[in-house]
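Trainee: Numbering (this note's numbering), first residue to last: 189 to 617. Just so it is clear, CB atoms sit at the ideal spot from N, CA and C, and this is done for glycine as well. Predicted model only: the values in this text are computed from it and were never measured. Before anything else, here's the structure in question.
Here you go:
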């Protein structure tokens, strides 16, 4: 009897062990309830998408099990359910959406929870249960529709417009359904001249001073109406009336004045910098550097370290502009060398001019001498009166003969003087 009882007990234990050790069929891994086919929620409201899954305890203890949520066929969130470490590389092959603190995945219930729904959350959602070595169990896809809250994107802001320019001021709104947007001036006043409203964009064809003031943008749909008021100012961009000019050269211990004046509305401020570092009380010598009210910078007792690029920046709410000038500081020795060099250059130039003058005089004297010789030869070959010519020509006058002799004598004297002058010029050269 005792042997039979022991055999029966052993058989029963064997059957129980076999039943517990037998593999669980894939049909036991399933998702009983997934996200609804279509669900509509308002923006900024809370939401929970269900994923009721069935997973036998045996899988949790012996296999790698992953619970995963997907949005528009991309992995959104996933969690490890099994106790065994994962050996599959499938999750790393898919694109993971960026982390979002609004979303949490409940491992116990499988639900995906939204703390605050945004318009970008709209899309198709699906939950899956992945068991290592088995086919994935997936729920049906559910479509999430989000009623976007009526809002401005971005919020309209005040703006300064440049006088006489062509400018735009935008007002864009989003919501479900698509809102209507329009502009009004101050308290329901019509828009001024040269200002038009085109689908929520204020267009200023030519900005003028009478267009200053408050403008309100209205957006409305079935959810209601919202508004935003902005201030439009008219300004004149800063301009240089006296820009800094250079380069400027000076010697050590000298004084330098750099001019910089500007105009604009509102009145622009003026700031100087050296090598892109703004000048202030901490990095300048107050006894040597002086910034005048009109923007002029004066540097007294200039030092070698003062050399560099000085920039003048003018600015206001209408904008910024910058111009710079190069300051070159020369030492006293280099300045004296420069003076000597200039003196040498002047002497060389004077010597060259003297040479050109003498050469010109020589050429002129030679020309005069040649001209005198030609005139003398012409006088020598002039006709004379003798006995043979009295019969055929008119008689020669005695006065004419005397005049011819005087002319010859004068030409000869001039030729002698020219030869003497030419010799003097040759000696000078």
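What span of residues does the beta strand (DSSP E) with residue 461 cover, start to end?
Mentor: Where residue 461 is concerned, the enclosing beta strand (DSSP E) stretches over 457–462.
Trainee: Thinking just about the alpha-carbon of each residue, which of 505, 475, 482 and 404 is nearest to the one in residue 340?
Mentor: Nearest C-alpha to residue 340: 404.
Trainee: Report all residues from its chain with a CB closer than 6 angstroms to the CB of residue 382; omit the five preceding and five following residues, and keep chain order.
Mentor: So the list reads 393 and 394, once near-sequence residues are dropped.
Trainee: Once you ignore the five residues that flank residue 353 on each side, which residues in its own chain have a CB closer than 7 angstroms to its CB?
Mentor: Excluding positions up to five away in sequence, the list reads 395.
Trainee: According to DSSP, is residue 558 helix, strand or coil?
Mentor: Residue 558: helix per DSSP, three-state reduction.
Trainee: For residue 315, list the residues DSSP reports as bridge partners.
Mentor: Residue 315 pairs with 257.
Trainee: Are the CB atoms of residue 235 and residue 330 nearer to each other than 8 angstroms?
Mentor: Result no, Cβ atoms of residue 235 and residue 330 do not sit closer than 8 angstroms.
Trainee: Is residue 529 helix, strand or coil by DSSP?
Mentor: Residue state, collapsed to three classes: helix.
Trainee: For residue 327, does the count of other Cβ atoms within 10 angstroms reach 16, so buried, or fall short, so exposed?
Mentor: By the neighbour-count rule (16 or more Cβ atoms within 10 Å), residue 327 is buried.
Trainee: Need the endpoints of the beta strand (DSSP E) that residue 405 sits in, please.
Mentor: Where residue 405 is concerned, the enclosing beta strand (DSSP E) stretches over 401–409.
Trainee: How is the beta strand (DSSP E) around residue 373 delimited, first residue to last?
Mentor: Here the beta strand (DSSP E) through residue 373 covers 368–373.
Trainee: Which one of 511, 407, 424 and 350 has the shortest CA to CA distance from residue 447?
Mentor: It is 511.
Trainee: Quick check: the segment 482–499 against the segment 532–545, are there 3 or more CB pairs under 8 angstroms?
Mentor: They do not touch, by the three-pair rule.
Trainee: Tell whether a beta-carbon distance below 8 angstroms holds between residue 269 and residue 295.
Mentor: Contact flag set, yes.
Trainee: So, is residue 333 buried or exposed, given that buried needs 16 or more other C-beta atoms within 10 angstroms?
Mentor: Residue 333 should be labelled exposed.
Trainee: Quick one: what's residue 389 bridged to in DSSP?
Mentor: Its beta-bridge partners are 358 and 386.
Trainee: Within 10 Å of its beta-carbon, does residue 419 have 16 or more other beta-carbons around it, so buried, or fewer, so exposed?
Mentor: The residue in question, residue 419, is exposed, as its Cβ has fewer than 16 Cβ neighbours within 10 Å.
Trainee: Here's the rule: buried if 16 or more other CB atoms are within 10 angstroms of the residue's CB, otherwise exposed. What is residue 370?
Mentor: So residue 370 ends up on the exposed side.
Trainee: Are residue 239 and residue 298 closer than 8 angstroms when you measure CB to CB?
Mentor: Closer than 8 angstroms, so yes.
Trainee: Give every residue of the same chain whose Cβ lies closer than 6 angstroms to the Cβ of residue 218, excluding the five residues on either side of it in the sequence, and list them in chain order.
Mentor: Correct list, in chain order: 242 and 325.
Trainee: Determine the direct distance from the alpha carbon of residue 449 to that of residue 471, and round the result to whole angstroms.
Mentor: Spanning the two alpha carbons is a distance of roughly 23 angstroms.
Trainee: Return the Cβ separation of residue 502 and residue 454 in integer angstroms, given the expectation that the two are a contact with Cβ distance under 8 angstroms.
Mentor: Not confirmed; about 12 angstroms, so no contact.
Trainee: Any idea what DSSP makes of residue 330, helix, strand or coil?
Mentor: Residue 330 falls in the strand class under three-state DSSP.
Trainee: Looking at C-alpha atoms only, which residue of 551, 505 and 351 is the closest neighbour of residue 399?
Mentor: When each option's Cα is compared against that of residue 399, the closest is 351.
Trainee: Which residues in the same chain have their Cβ closer than 6 angstroms to the Cβ of residue 292, if we skip the five residues on either side of it in sequence?
Mentor: Same-chain partners within the cutoff: 301.
Trainee: Quick check on this structure: which residue in 508, 473, 432 and 412 has the alpha carbon closest to the alpha carbon of residue 452?
Mentor: Checking every option, the nearest Cα to that of residue 452 belongs to 508.
Trainee: Where does the unbroken beta strand (DSSP E) through residue 415 begin, and where does it stop?
Mentor: Note, residue 415: beta strand (DSSP E), 412–430.
Trainee: Let's test the definition: count the other Cβ atoms within 10 Å of the Cβ of residue 367 and tell me whether it reaches 16, buried, or not, exposed.
Mentor: By the 10 Å Cβ count, residue 367 comes out buried.
Trainee: Going by Cα to Cα distance, which pick from 406, 290, 473 and 549 is closest to residue 232?
Mentor: Selected option, being the one with the closest Cα: 290.
Trainee: In whole angstroms, what is the alpha-carbon distance linking residue 280 and residue 263?
Mentor: Its pLDDT being 39, under 50, residue 280 is placed unreliably by the model, and the measurement read from it follows with that caveat. Rounded to whole angstroms, residue 280 to residue 263 spans 10 angstroms at the Cα level.
Trainee: Residues in the same chain with beta-carbon distance under 7 angstroms from residue 489, minus the five sequence neighbours each way, listed in chain order, please.
Mentor: Hits under 7 angstroms: 441 and 476.
Trainee: Taking only the alpha-carbon atoms, compute the straight-line gap between residue 433 and residue 513 and give it to the nearest angstrom.
Mentor: Answer to the nearest angstrom: the Cα atoms are 6 angstroms apart.
Trainee: Looking at residue 467 and residue 461, is the spacing between their C-beta atoms short of 8 angstroms?
Mentor: Their beta carbons are under 8 angstroms apart, which means residue 461 touches residue 467 by this criterion.
Trainee: Could you give the first and the last residue of the continuous beta strand (DSSP E) run that contains residue 509?
Mentor: Looking at the DSSP string, the run of the beta strand (DSSP E) that includes residue 509 is 507–518.
Trainee: For the beta strand (DSSP E) that contains residue 229, what are its first and last residues?
Mentor: Where residue 229 is concerned, the enclosing beta strand (DSSP E) stretches over 226–230.
Trainee: Leaving out the 5 sequence neighbours to the left and right, which residues in its chain are closer than 8 angstroms to residue 385 when beta-carbon positions are compared?
Mentor: Cβ within range, chain order: 370, 371, 379 and 391.
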